[in-house]
Amino acid sequence: MVLIVEENKNEIEALDEVEKSEETAHDTGSVKSFIFDWLEVLVHAIIAVVICFSFLFRIATIDGASMRETLQHGERVIITNLFYTPNQGDIVVISRNKENSIYTMTNDNSPIIKRIIALEGQTVDIDFEAGVVYVDGVALDEDYARTPTNLKYNDGVEFPLIVDEGCVFVLGDNRNDSLDSRSARIGEYGMIDTRYILGRTVCRIFPFDKIGKIDE
0 MVLIVEENKN EIEALDEVEK SEETAHDTGS VKSFIFDWLE VLVHAIIAVV ICFSFLFRIA
60 TIDGASMRET LQHGERVIIT NLFYTPNQGD IVVISRNKEN SIYTMTNDNS PIIKRIIALE
120 GQTVDIDFEA GVVYVDGVAL DEDYARTPTN LKYNDGVEFP LIVDEGCVFV LGDNRNDSLD
180 SRSARIGEYG MIDTRYILGR TVCRIFPFDK IGKIDE
């Protein structure tokens, strides 16, 4: 009788070991499944971010002082050209002339950032003594401009002028330290072909204490 009890006890212990082994295997499988699921989600998220920043959004770094005080040197902004149509007042990144200070002016294809002042067909005139910009005869209220528009580049751009078809007229907010559509060295005698607009600024993402929409 004791022998039978011992045999039953051994069978029960063996069954317990099998159940524990199955539970351990199940737990291990669950952990592996969780890890693989998490990695799959992570990979998909990375792919989505890459696609977004390749085709929908880009990050641009402000280089220089031409957009002070709206944008400072070293700040980073997100831009997009998705379904974009240029509008007056937009701050845009253009694939023209990286060095756009009045002190360092070179010609290359590195991006610059400026504000659209006028669109194709509009007439731009500037009173350089008063520092006032006119579009279609109306003086602009430019609270964003750091300095009046007193600086004139005597290199071929004459005012008043009519913005060419398919182009925009742009200025930097820091008017006395910006190479822009007042100069023939930007675009085609100051005219910026809209095909060279990489995108419109959406928001500032750096520095972190200034994250948010850019006042236009």
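Residue numbers (our numbering): 0 to 215. Glycine included, every Cβ here is placed at the ideal spot set by N, Cα and C.
Report task. Could you check if Thr84 is buried or exposed, using at least 16 other CB atoms within 10 Å of its CB as the buried criterion? Result -> Taking the first residue of the sequence shown as position 1, residue 84 is located at position 85. Burial state of Thr84 is exposed, judged by a 10 Å Cβ sphere holding fewer than 16 other Cβ atoms.
Requested in this report: Provide the residue span of the beta strand (DSSP E) that contains Lys113, from first to last.
Outcome: One-based indexing of the sequence shown puts residue 113 at position 114. Where Lys113 is concerned, the enclosing beta strand (DSSP E) stretches over 111-118.
Query - Rounded C-alpha distance that separates Met66 from Pro110 - result: Here residue 66 corresponds to residue number 67 of the sequence shown, with the count starting at 1. Here residue 110 corresponds to residue number 111 of the sequence shown, with the count starting at 1. Each residue's Cα considered, the two are about 13 Å apart.
Query raised in the report: Between the C-alpha atoms of Ile112 and Asp36, what's the straight-line distance to the nearest angstrom?
Result: In the sequence shown, counting from the first residue as 1, residue 112 sits at position 113. In the sequence shown, counting from the first residue as 1, residue 36 sits at position 37. Each residue's alpha carbon lies about 42 Å from the other.
Requested in this report: Put Leu150 into one of helix, strand or coil per three-state DSSP.
Outcome: Your numbering for residue 150 matches position 151 in the sequence shown. Coil at Leu150, not helix or strand.
**Report entry** Given 8 Å, three or more beta-carbon pairs between the stretch 145-154 and the stretch 201-209
**Finding:** no
Query raised in the report: Going by C-alpha distance, which of Phe127, Asp142, Ala117, Arg194 is nearest Asn175?
Result: Taking the first residue of the sequence shown as 1, we reach residue 175 at position 176. Per the Cα distances, Phe127.
Query raised in the report: By a C-beta neighbour count over all protein chains shown, 10 Å radius and 16 as the cutoff for buried, is Lys212 buried or exposed?
Result: Here the question's residue 212 lines up with position 213 in the sequence shown. The residue is exposed, with fewer than 16 neighbouring Cβ atoms inside 10 Å.
Query - Closest residue to Glu141 among Lys151, Ile125, Phe82, Leu160 (Cα-Cα distance) - result: As a working note, residue 141 is residue 142 in the sequence shown. Minimum Cα distance to Glu141 is reached at Ile125.
Query - Own chain partners of Met190 with C-beta closer than 6 Å, once the 5 adjacent residues on each side are dropped - result: Here the question's residue 190 lines up with position 191 in the sequence shown. Excluding residues within five positions, the ones whose Cβ falls inside 6 Å are Asp163, Cys166.
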